[in-house]
Amino acid sequence: MNRPFIYLKLIISLVRVRFFRAKIPVFASFAITERCNYKCQYCDTHRPISCKDELSTSDVKSIISTLKSEGLLFLHLSGGEPLLRHDIVEIVKYSYAQGISISLNTNGSMLDKLVEIAPYLSTIMVSLDGNKEVNDMFRSKGSFDTSIKALVTLKKIKCKDVLISSVLHKKNIDHFTEFIADISYLNIPVAFQPIHMTSGNKSNYPYDSFDTEKQNELLLTDNELHNLIDNVLSNSDILKTLKSPPYLIRKMERDKKKNKWQLMVRNILFRVNSNGTILYGSDEIEWDFKKFSSVLEQYHSSRLARDFCFNSINIKELLSLNPLSILNLLLFKLRK
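All residue numbers for the sequence shown refer to my numbering, where the first residue is 19 and numbers rise by one.
This is the structure in structure tokens:
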């Protein structure tokens, strides 16, 4: 799907969400595996390479196909390391054939596979968290050179959109401006992802599973995050390198407190985990494509089933489901 057409569909979808309260999975982040060949200190989602507790190829395709039928336009593939899946080429080509704009996050260690699927990807994000010493300390020995090689190769074969994805934490934040200067010769934009403590000293997903000691050791406080943004804003050379201007992050943080973005985000963003668990808005549900033909119907049914237990069912929403879903809900209620 060409970009003008996909962005036209995006505008139409956002209008429907904003003014007609539609629920459309415009964006989906799909962690297709939890396996990873690195053990980054700030990441607790990686699993052994031999781990097989993940969706089959047909299940992945089924989820992508159903999301597409519900309005999916942008699909982000992540992990773990997504290129560890033996069927990653098949998954990417299938998604591309569906007319979906695909982005992918990788550590760049499996370069042959990455080059093979690159023509089908709209955006490739390669992880790099600092200069050689800092990056290799927190990600894996030799990972800096591996990422640089991948970035140079992707640029050489003229990929559409290549980004450096940089996770910022207490241990590398002091080296951030130096790091940006060191890699400026690549002429590749940087998208940074701070991991930080939010209000109430709660860490942002997926770092809320860290123990207190690890949180204090790695996670930025709100003040540290805001100071970083202010420092970046005052450095014109860094601003030229960054993909997303930091002032937008600060603005969205302010707006989020006013709940301006919550409805939009809740109604257009899906996150699918490697075992098929779906996070939609604030609800986590189990995927069951054998019973439901619609992801949104699965979401509504799961939430309605929970409301059923507390006798707070919304009759209008109940009647909007198909007969099979209504029957399943009644059976669910009887079992309770």
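C-beta atoms are modelled at their ideal positions from N, C-alpha and C, and glycine is treated no differently.
Measuring alpha carbon to alpha carbon, tell me which of Y56, P100, G98, I135 ends up nearest A115. Indexing the sequence shown from 1 puts residue 115 at position 97. It is I135.
If you measure between the beta carbons of K86 and G126, is that distance less than 9 Å? Translated into positions along the sequence shown, residue 86 becomes position 68. Translated into positions along the sequence shown, residue 126 becomes position 108. Contact: no.
Would you list the one or two residues that DSSP bridges to N234? In the sequence shown, residue 234 corresponds to position 216, counting from 1. BP columns for N234 are empty, so no partner.
Assuming V356 contacts T171 (C-beta within less than 8 Å), just tell me the rounded distance between them. The requested residue 356 does not occur in the structure, where the chain is confined to residues 19 to 354.
Can you have a look at Y60 and say buried or exposed, based on whether 16 or more other CB atoms are within 10 angstroms of its CB? Walking along the sequence shown from the start, residue 60 turns up at place 42. Y60 comes out buried.
R289 by DSSP, collapsed to three states: which one? Indexing the sequence shown from 1 puts residue 289 at position 271. The answer is strand: DSSP assigns R289 an E or B state.
Can you tell me which of the three DSSP states P137 falls into? Translated into the one-based positions of the sequence shown, residue 137 becomes position 119. If DSSP states are grouped into helix, strand and coil, P137 belongs with the helices.
From C54, D255, F156, V44, residue whose alpha carbon lies closest to that of I24: In the sequence shown, the residue the question calls residue 24 occupies position 6. Per the Cα distances, V44.
Local conformation of P207 per DSSP, three classes: Residue numbering aside, residue 207 sits at position 189 when the sequence shown is read from its first letter. Note: P207 maps to coil in three-state DSSP.
Using a threshold of 8 Å, is the CB atom of E88 nearer than that to any non-hydrogen atom of the ligand ATP? What this structure holds is no ligand at all, so the ligand ATP is not there to describe.
Determine the extent of the beta strand (DSSP E) in which I182 is found, giving its start and end residues. Taking the sequence shown and counting its residues from 1, one reaches residue 182 at position 164. From DSSP, the beta strand (DSSP E) with I182 extends over 180-186.
Can you list, in chain order, the residues of its chain whose CB lies under 7 Å from that of I198, leaving out five sequence neighbours each side? One-based indexing of the sequence shown puts residue 198 at position 180. Same-chain partners within the cutoff: V208, I256, T259.
So which of K57, V133, R36, V78 has the shortest CA-CA distance to D105? Along the sequence shown, one-based indexing puts residue 105 at 87. For the residues K57, V133, R36, V78, the minimum Cα distance to D105 belongs to V78.
Identified DSSP bridge partners for P212: Taking the sequence shown and counting its residues from 1, one reaches residue 212 at position 194. Per DSSP, L186.
Please report the straight-line C-alpha distance between S254 and L122, rounded to a whole angstrom. One-based indexing of the sequence shown puts residue 254 at position 236. One-based indexing of the sequence shown puts residue 122 at position 104. So the two alpha carbons sit approximately 29 Å from each other.
Alpha-carbon to alpha-carbon, H193 and S119: Translated into positions along the sequence shown, residue 119 becomes position 101. Translated into positions along the sequence shown, residue 193 becomes position 175. Each residue's Cα considered, the two are about 34 Å apart.
Do F48 and L93 have their C-beta atoms closer together than 9 Å? Within the sequence shown, the letter at position 30 stands for residue 48. Within the sequence shown, the letter at position 75 stands for residue 93. Their beta carbons are under 9 Å apart, which means F48 touches L93 by this criterion.
Where does the unbroken beta strand (DSSP E) through N123 begin, and where does it stop? Here residue 123 refers to the residue found at position 105 when the sequence shown is read from its first residue. Run containing N123: 119-124, per the beta strand (DSSP E) assignment.
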